[in-house]
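Engineer:
Numbering (this note's numbering), first residue to last: 18 to 78.
Encoded structure:
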């Protein structure tokens, strides 16, 4: 069985927020983003009462 899911990548948290569709089901998030951090994005979404599952990806730099 193959699951076909649509995905979209954004270079920054701000780019995601500018085009965010509330139909988004899950967000795979890098903690260290340029500009707004992944944690700041999570706090922003929480303030908007968005119940969006997050998967954090953290890579040492």
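C-beta atoms are modelled at their ideal positions from N, C-alpha and C, and glycine is treated no differently.
None of the values given here were measured: they were computed from a predicted structure.
Need the endpoints of the beta strand (DSSP E) that residue 46 sits in, please.
Structural biologist: Start and end: 44 to 47.
Engineer: Have a look at residue 70 and residue 44 and give me their C-alpha separation to the nearest angstrom.
Structural biologist: Those two C-alpha atoms are separated by around 6 Å.
Engineer: If we count the other Cβ atoms within 10 Å of its Cβ and call it buried at 16 or more, is residue 50 buried or exposed?
Structural biologist: Looking at its Cβ environment, which holds 16 or more other Cβ atoms inside 10 Å, residue 50 is buried.
Engineer: My output table needs one value for residue 71: the three-state DSSP class, helix, strand or coil.
Structural biologist: Strand, per DSSP.
Engineer: When DSSP labels each residue in this structure, what does residue 52 get in the three-state scheme?
Structural biologist: Residue 52: coil per DSSP, three-state reduction.
Engineer: Measure the alpha-carbon distance for residue 56 versus residue 33 and round it to whole angstroms.
Structural biologist: Each residue's alpha carbon lies about 14 Å from the other.
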